[in-house]
Each structure stands twice: as C-alpha cells, then as structure tokens.
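Take a look at the structure below.
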Amino acid sequence: MKWIPKKYSFTIILLLSWGSTTFSQGTKDLKLKIQGANQLFIEKKYEIAKDLWLEIAKENPNNSNINYKTGVCLLESSSGKVQSLSYLKIASEKVNKNYSPFDNTLKTAPIEVYFYLGKSYHFNNLQDSAIKYLKKFITISSKKHYLKGEADKIIQQCNNYSLVANNQNEHKILKFNNEINSEFNELNPLVSLDGSSLIFTSDRERSLEESSNKKIFDVTTGNHYFDLYITNRDFVKNSWTNPKLLNISKTRSNEIGIGFSHDLRKIIFSNGQPSTKKINNNNFSRKAQNYNTTKSFILFPDFNISSIVITENEKFMFFSSDKSGGYGGKDIWFSKKQPDNTWSKPTNMGPNINSSSDEIAPFLHPDGVTFFFSSNSDKSIGGYDVFVSKKNLNNLWEEPENLGIPINTVFDEQYFSTSTDGTLGFYSSLNKVGNNDLRSVKITNPYSNSLIYLTGLIDKLDKESLENDIVVKLINTDLETPASIYKPNNFNGSYIFKAEECYQFDVQYFKLVTLSSGKVKESLIHEQTIKTPCESTRKIVKPILLPTIDYYGKIVEKKQDRRAIIEEFKERNKKYNFKEIISKENNLIALLLLDDQGNIVDKAILTEDGFKFELLNSNSNYTFKIENFPDSLDLSDIPIFLHEQGKETLIHGDFKDNNSFNYINNFNAFKFKEIISSYGKNMRLLLVDKEGNVIEKGILTNNGFKFELISSQLEYSFKLENFPDNLDLSEIPIQIKNHDEEMIVIGDFSKNNQFILPKIHFKKSFQLGEYSIQNDPYFKEFMEKTINKINSTGKVRLEIVGSASKIPSKKYSSNTALAKLRVEKGKKYIYDYLDARNISKDLVHIVKEKAIVSGPKYNPENNDNSKYFEYQYFSIWAE
35 MKWIPKKYSF TIILLLSWGS TTFSQGTKDL KLKIQGANQL FIEKKYEIAK DLWLEIAKEN
95 PNNSNINYKT GVCLLESSSG KVQSLSYLKI ASEKVNKNYS PFDNTLKTAP IEVYFYLGKS
155 YHFNNLQDSA IKYLKKFITI SSKKHYLKGE ADKIIQQCNN YSLVANNQNE HKILKFNNEI
215 NSEFNELNPL VSLDGSSLIF TSDRERSLEE SSNKKIFDVT TGNHYFDLYI TNRDFVKNSW
275 TNPKLLNISK TRSNEIGIGF SHDLRKIIFS NGQPSTKKIN NNNFSRKAQN YNTTKSFILF
335 PDFNISSIVI TENEKFMFFS SDKSGGYGGK DIWFSKKQPD NTWSKPTNMG PNINSSSDEI
395 APFLHPDGVT FFFSSNSDKS IGGYDVFVSK KNLNNLWEEP ENLGIPINTV FDEQYFSTST
455 DGTLGFYSSL NKVGNNDLRS VKITNPYSNS LIYLTGLIDK LDKESLENDI VVKLINTDLE
515 TPASIYKPNN FNGSYIFKAE ECYQFDVQYF KLVTLSSGKV KESLIHEQTI KTPCESTRKI
575 VKPILLPTID YYGKIVEKKQ DRRAIIEEFK ERNKKYNFKE IISKENNLIA LLLLDDQGNI
635 VDKAILTEDG FKFELLNSNS NYTFKIENFP DSLDLSDIPI FLHEQGKETL IHGDFKDNNS
695 FNYINNFNAF KFKEIISSYG KNMRLLLVDK EGNVIEKGIL TNNGFKFELI SSQLEYSFKL
755 ENFPDNLDLS EIPIQIKNHD EEMIVIGDFS KNNQFILPKI HFKKSFQLGE YSIQNDPYFK
815 EFMEKTINKI NSTGKVRLEI VGSASKIPSK KYSSNTALAK LRVEKGKKYI YDYLDARNIS
875 KDLVHIVKEK AIVSGPKYNP ENNDNSKYFE YQYFSIWAE
C-alpha cells in the first residue's frame, strides 16, 4: 500500500470516517465521497485523488463525469498514464459544453475530455488517435483556452514519432539486473570514464544492514527520501555488484545526484527542490574508501542548478538552470575554468541547443565535440527525449538530432552518457507504471569520434579490495612528457588512460611501501611497452586492453574454458535457473531449428546449461523457435551452444518477437577474418552490370564485403579480383544494404570468380504525389522473370518494402501510413499481374513486408526536395 503524505491525511481521514459510518446510507454517502474526492481534484492533488476516484468509478462505470475525473487523475499522476485511456474513452461518450467542475451531479464530461483523451492516446503510443482528439479539442474550444498550447505541442510530438529514426537495429537495449533496478525509482546514472563504477539515485527501501528508512517518508511525494548508491563492475563475472549506500545519504533529506567528474572522484548532489540555489560537492577519500564530508558547491549563488557535468580535462563545466537571460524554461549553460581555478561567467549554449521548453542533463563526450542532453521541447516524441549535437569546424553546435526509438519513448529519458568508444550508453527512463529505471544500450554506430584509450586491470587476488597502494604510470617515451598517474579502482582494479595515436608508451606499475621513517617509496613491480595505432580515424576504436597484472606484478593468464563461459552466463542472468524451470514445467521446453520454408530441421531439449545444436551447413542462416517456455520469463537472452567442425560457439538469442530468433551463421566470417589478416586489402569485390561494367566496389570488412546499393538492378552480378588462388572461393560473405533494407548472402565464386545473386530485384522511386508502378516497364520485366521462376521451381518468395521520406505528409495521417500504402498498392499490382496471366497467387509466398520511414531529417527551409525522392520508393526481391 502506498503511504499517504501527512498534509493530505486530514482529508483522507474524513473520507475514511464517512466510509465507515455513513456510506451505508447509499446515495447521500456517495455524494459526500464524491465531494471530498472532487476537492482533491480541484486542488490538483491527483496522486492522492486517483485511488478515491477509482473506487467511485467502480460503483459508477458509465458516468462520464466520474470517468473523466478518474482518467485525468491517473493521467496526471506519476503512475496510471497508460491505464487512464479506458476511463477517458467512456468519459468522451457524453460531453457537455456547459460543464461546471463544482457540480457533482453532472453525468457528462467537459470538452477538455478530448484533450486528455488525446494525451492518453499519446502515452499509449496510438499517435493517430491522439492527433484526432487533440484536433477535435482545438476546434471546439475557445481561442484562448489554456490547454491549446500544450495540445499543439503534443500534436507536434505525435508527428515527430513517425519522423524520428527507428534505430531498433542500431540500438540494442540491455537490462540491468534486479539488484540495480527495483520496484522503486532508480534515476540519474553517473558513470565513470572507464565504465567500471556507477553512482545512481534511488528512493528504495534500504537493506537491513543499512540504517532503516522503512517508516520514513517525504511528505511531498509519499515515497522514501532519495539516497545515493554506488555499484562497481566485476570484470571477472562480467556483472555489476549489489549497490552500496553511500555514507553521505541521510534518512530524512533528499540526496539526488545531479553531476560528476569523469573519474567519479567528485559527485554533486542537491535536495531536489526546484527553488533551491544550493548544491553540494563530495570528493572521494582513498584513505577512508568513501566520500568525505559534504561541502557546499557554491558556484553561482544567484540561481539554481538542476544538473551539471565537469569535462574529462576539468576545463569546462556544463549545467542546466532556469536563470534569467535564457530562451525560456531550463537552459544549458557552460563555464570555463580560469587560470586562478575559478569558473568564468556562464555562457548560454544558444538556440540550437536551447528552446522555450526545458533542456537538462548535459554530457560532453571526451572527444570534446559530441554533446548529449535531454529536452521536452516540441522536437521530442513525448516527455524528455535524448538529443545529440556535434560541434562543427566553426566551433558552433549543429542542429541536435533526436536519438530516436528505442532509446526515446513517449515518457522521460534523462542523464544519457556513453563509454569512451561510444558503443555503450547509460540513461534513466520512466517506465509505464510511473517509476524510473536505469537502462543501458548497445550502439552499433557510435555518435562520438574515435579516441585511443589504454585500459587494464589489477587482479586483487583473494583480497577484499586493493589497499590504496598501487599506482599505474603512463609515459610517452617519444615525447618525454611528464607521466600520467592513475590509481586503480580499489574494488575491481580497473584503470584507464587517454593516449595519443602513433606513439610509444611505457606502462609502469608501482607498489607504494611506507618506510619506518614514514616516507612512502614507489617499488616497481611490472613494466611493459606499447605502441598505439597510427590510424584511429575509423568510426570505432575500442579501448586497448593491457594484460592483467596481479597484486604482485605478475601477468595473469586469461583462462576461460567452456564451463567458465556457462558459469559466467548464469551469473549474468540469475533470472534463469534452467534446472528449476525444467523441474517445474510439465511440458518439454524445446528449441526448434527451422529452414527457410518454416519446416523443422532439428530439435533441442532444454538442459541445465541451455540449448545445444550441431550445425550441418555453414552456408545457412538459422531461424530458431522456442516452445513451451514459461510466459513469465524474459525471452530476450536465451543461451544456445552451436557446434560445427569441432568448434563450439555460445550465442545469446532474443526470442521476444513471436518466440523466434534469426541467427546468421558466422563461422564463415571467422574464416574470412583469418584470410584478410594474411592477404590484406589487395582483394576486391565488384558489382557489375550485364556488360561487365563496374557499378560499385565493395567495402572490405573482417566479416566479408559490404555494399551500399546506389542503383537498382534487376539482377546483381559480382566479380572477385585478386583473391588467392589456393583458397576456397565457395563461401564469401556479402552484406547488401539498400537504405534501411539489409541482407547477408554467402557467394559461391568457385566458377570464374563470379557470383550471380539468386534473387531478382525491382525498385521504383517516387516524386511527390507519385505512387503507381503498374505501367512501369521494369516492373513488367521483373514480373515476367518472377513468373519464369514460378514455372521452373513451382513457387517464389517475395520480400516487400515500402518507404516514405521524412517530408511531412499532408494527405496521410503519418509518413508510416504512406509507406504502408505503398506496400499494399504494390501487393495489389503483383496480384493483378498474376491474375492477368492466370497464375494463382498461392504460388507466391510473401516472407517479409515492411513499411519504413527513411532518409535525412526534413528541412522546411530548403525549397529543393529532390534529395528526399530516393527515400520514397517501393522495393521487392523475388527468389
């Protein structure tokens, strides 16, 4: 049961007393109950009022007025936004323009119900319905209605939903374990530069070992006060440790983390009050192994600061504040450290970053030019969204880009930061039940520029932690500059250095020894030399991992046999106890291996370690389908062991989509990686036309050749050059990408070094207002070749994609709707063509149909829309 704040207790006690003494009197008592609940509603105390209105609505399920107030309370409270829809739909059935909020006898709802219904549809990700009712509200309400501005903003956010990038394939959301996220709020993740430590804020109930807050609540929220927690990365187990309460947290005040330095030696927190001008600073004490006495962080005492970050080099500070002189709401400002170690007068980051809404939670990547922040402006898709901006060569911040789906939702996403290589992000997100959770995300194509970092571990062996007596030094022997000094994380032994490219470095490890005189002596226990790469311009540069050194300076050999892999996986995924699952389930839990037609090729039964398969064909892609797995368990990370030619590979299958998982066998990619390491960049793969003219050159990667198709061909022919004669040419991986379409094929070049793609392709791009492909000569040629395939093989499989650009559609409800129309019209033209040739459409199996919105963000100031036309197309593959 949720605790009720004291300031509301008098009203609630009255209502409870009415319920126990007089509610049995029927209608009169219901009126009294409604009167009390309505008073809370008028005072906008929605969090308290919602439970009362839920009780009243249960007794009056068809009363529009009661359902209206119930729905609004749910919608405007911290939880219940999704649940509000069913009540507001009932409320909208009977609307009265002459509504009075003080007349409790009314059974009709006011016209504002359309606004709240639209807002609820928005939170339920039903954008078309949201726009419909918000526009209806705008039409019938007065010109100066106080909700019109917000209605316009939500409509824009609904439209943004189809315009922002859908990065489901680029951004993979990862889940923290249950020790990190709880049933309470977890927010504001502050992550160290090397990703080894994370400090976050939570109003959770403290553990038994910590001073109890079980009966202590914040009267303004009804929840426990916010505390600060720290968790460290256990690199051996590849998991986060159980969070530990920081000693600076108090039971009767809020300590909310709002900023940090990149090494987490300095954390900044506030009491969370919007009007406060006081924030506090704590520095980490290595001697005490905790954060020491709190000091007021008095930077600019004339205004409040809601979030703050200090850059890696500690030369700049970015913060959010509603101080005067901004663009409205909270703006992001920056200040530069001056020679006397004071901070300069704040400078606003300008209109490209700030708006009339709120911009908060700044984070500058160590590359110095990639800036992340959150904003609830009309450029978001709802609530706070995460945006990224790049600093250009003129030292100006460019137009921010919305990070899109799935990172951003219609709820709030805040405090986004990334790893040094940009491939892992951390942030907090408001979930559907109204609580904040911590999230991490794997990013395929980082937003930041490449940097070189050296990182490593000191193995503490059987010690609880390092004893603050290890120092690591990095010396550039080419430049003979002063050494960089780092003391490893005492819990997990991690350390990290930023290094320049194409230099030689000495890495020295010292143990600090205290002499009888009291002096501290550095004793060298290990030394190694490393040369950094000379070409770091590629998109991703992973931190260079140095050999692990133990507490005494010996190199630790990394051993990870099959059993260790299994145990590591189980430790990471404690939610899975396969032995327990097997014992509880009556049905056999099985994993099916399917061929391209959906036929069962093989079957594996769940064991205590997961599923095991023997792969028979290394040229294949595999589709797995899971059977009888308990509905209550997460299907996003199921372990599968694949055996082929004496090799064993552990893969993690994501079965959330229809209990199925598609896996591209990468054994051939491993082989290919070995080949290019020996023969290098002399190899070339060319896309050629019928006459042998080169259309495009493939990009050589460790996993094969990659093509970005710049032209549409009916048939695709590839030619291989400079490949070693003594090597097998029957399994060359080729990745083909056509805008947002992507496929991987294994090409057999054993005959004359050539390979013809077994699929045929048709693609038609449209200008504005064009949709038809019916009379296109290339479409007719494509259909004739498709019919030839049907006649020779008995059937054909089709993959269909309809794409719309990001030019806002005036004729259709959204760009996605336009893309879907192109798919449906394309299918109709295909079936009509087959009917005209007396060929049954049952011989055509559509294995994929996809509607996408692709291409660059629309710029209304640019009158030339031609660059968007290539993203307005209908595409079809036949095999």
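Numbering of the sequence shown is given in the working numbering, commencing with residue 35 and proceeding in unit increments.
Every residue gets a Cβ at the ideal spot worked out from N, C-alpha and C, and that includes glycine.
Taking Leu430 as the reference, which of Gly416, Gly402, Asn442, Gln448 has the closest Cα?
-> The residue from Gly416, Gly402, Asn442, Gln448 with its alpha-carbon nearest to that of Leu430 is Gly402.
Cα-Cα separation, Asp471 to Glu217 = Rounded to the nearest angstrom, the two C-alpha atoms are 9 Å apart.
Candidates Val779, Asp261, Leu627, of which the one nearest Leu221 by Cα | For the residues Val779, Asp261, Leu627, the minimum Cα distance to Leu221 belongs to Asp261.
Compute the distance between the beta-carbons of Lys753 and Val722, then report whether it is under 7 Å.
-> Taking the C-beta atoms as reference points, Val722 is found nearer than 7 Å to Lys753.
Relative to the alpha-carbon of Tyr907, which residue among Asp876, Leu852, Glu913 has its alpha-carbon at the smallest distance?
-> If we check each option's Cα against that of Tyr907, Leu852 comes out closest.
Please report the residue range of the beta strand (DSSP E) in which Glu818 lies.
-> Careful: Glu818 lies outside any beta strand (DSSP E), inside the alpha helix (DSSP H) at 811-827.
C-alpha gap between Tyr12 and Ile344, whole angstroms = What the structure shows of the chain is the stretch from 35 to 913, and residue 12 is not part of that stretch, so it cannot be assessed.
Looking at C-beta atoms only, is the number of pairs between the stretch 384-399 and the stretch 432-452 that lie closer than 8 Å three or more?
-> The stretch 384-399 is in contact with the stretch 432-452.
Per-residue burial, Leu802 [other beta carbons within 10 Å of its own, 16 or more giving buried] | Counting every other CB atom within 10 Å of its CB across the protein chains shown gives Leu802 a total below 16, marking it as exposed.
Helix, strand or coil at Ile172 according to DSSP, with G and I counted as helix | If DSSP states are grouped into helix, strand and coil, Ile172 belongs with the helices.
Kindly list the residues whose CB is nearer than 6 Å to the CB of Lys819, restricted to its own chain and excluding five residues on each side of it in sequence; keep chain order.
-> Hits under 6 Å: Ile794.
Alpha carbon of Ser369 to alpha carbon of Tyr155, nearest angstrom | Looking at the two C-alpha atoms, the distance is approximately 41 Å.
Please state if the CB of Ile165 and the CB of Ile145 are separated by a distance shorter than 7 Å.
-> For Ile145 and Ile165, no; Cβs fall outside 7 Å.
CA nearest to the CA of Ser283, picked from Asn305, Lys300, Asn272 = That would be Asn305, whose Cα lies nearest to the Cα of Ser283.
Compute the beta-carbon to beta-carbon distance between Ser389 and Ser408, rounded to the nearest angstrom, for a pair I have assumed lies under 8 Å.
-> The pair is not a contact, with the Cβ atoms about 12 Å apart (cut-off 8 Å).
Output the boundary residues of the beta strand (DSSP E) element that contains Glu858.
-> Unbroken run through Glu858 is the alpha helix (DSSP H), 849-870; no beta strand (DSSP E).
Could you tell me which residues DSSP puts in a beta bridge with Arg831?
-> DSSP lists His879 as partners of Arg831.
C-alpha distance - Ala703 paired with Val467, whole-angstrom precision = Here Ala703 scores only 43 on pLDDT, less than 50, and its place in the model should not be relied on; the value that follows carries that caveat. Taking C-alpha positions only, Ala703 is separated from Val467 by approximately 43 Å.
Taking all protein chains shown into account, do 16 or more other C-beta atoms lie within 10 angstroms of the C-beta of Tyr520, making it buried, or fewer, making it exposed?
-> Tyr520 is classed as buried because its beta carbon has at least 16 other beta carbons within 10 Å across all chains shown.
Skipping 5 residues on each side, what residues in its chain have a beta carbon closer than 8 Å to that of Pro874?
-> The residue you asked about is not Pro; residue 874 is Ser in the sequence shown. Within its own chain, the residues whose Cβ lies closer than 8 Å to the Cβ of Ser874, once the five positions on either side in sequence are excluded, are Leu868, listed in chain order.
Leu458 to Lys497, Cα distance in whole Å?
-> One C-alpha to the other measures close to 30 Å.
Have a look at Leu650 and Ala885 and give me their C-alpha separation to the nearest angstrom.
-> For Leu650, the predicted structure reports a pLDDT of 47, less than 50, and the residue's modelled location is therefore unreliable. A value from the coordinates is still provided. Cα to Cα, the separation comes out at about 35 Å.
Per DSSP, what kind of secondary structure is Glu89 in: helix, strand or coil?
-> Glu89: helix per DSSP, three-state reduction.
Could you tell me the distance, in whole angstroms, from the CA atom of Arg572 to the CA atom of Phe210?
-> Model confidence at Arg572 stands at a pLDDT of 49, short of 50, so the residue's coordinates are unreliable; what they give is reported in the following sentence. In a straight line, the C-alpha of Arg572 is about 30 Å away from that of Phe210.
How is Ile873 classed by DSSP in three states: helix, strand or coil?
-> Annotated three-state conformation of Ile873 is coil, per DSSP.
How close, in whole Å, do the beta carbons of Tyr750 and Leu791 come, if the pair is a contact with beta carbons under 8 Å?
-> Contact flag correct, Cβ pair sits at about 4 Å.
Between which two residues does the alpha helix (DSSP H) containing Gln183 stretch?
-> First, the amino acid is wrong: residue 183 is Gly here, not Gln. Start and end: 182-197.
For Thr657, which three-state DSSP category applies?
-> Taken through DSSP and simplified to helix, strand or coil, Thr657 comes out as strand.
So, is Asn524 buried or exposed, given that buried needs 16 or more other C-beta atoms within 10 angstroms?
-> So Asn524 counts as buried.
Of the choices Lys178, Gly105, Arg299, Tyr481, whose alpha-carbon is the least far from that of Asp85?
-> Among Lys178, Gly105, Arg299, Tyr481, the Cα nearest to that of Asp85 is on Gly105.
Let me know if Cys107 comes out buried or exposed under the rule of 16 or more other beta-carbons within 10 Å of its beta-carbon.
-> Buried, since its Cβ has 16 or more Cβ neighbours within 10 Å.
Does the beta-carbon distance from Ile880 to Phe796 come in below 7 Å?
-> The answer is no: Cβ separation not under 7 Å.
Asn516 to Ile589, Cα distance in whole Å?
-> Looking at the sequence shown, residue 516 is not Asn but Pro. Answer to the nearest angstrom: the Cα atoms are 26 Å apart.
Own chain partners of Met717 with C-beta closer than 6 Å, once the 5 adjacent residues on each side are dropped = In its chain, beyond the 5 residues on either side, Asn756, Phe757 have a beta carbon closer than 6 Å to the beta carbon of Met717.
Figure out for me which residue from Leu151, Tyr102, Arg240 has the closest Cα to the Cα of Thr142.
-> Checking every option, the nearest Cα to that of Thr142 belongs to Tyr102.
Would Glu535 pass as a contact of Pro567 if the rule is Cβ separation under 7 Å?
-> The answer is yes: Cβ separation under 7 Å.
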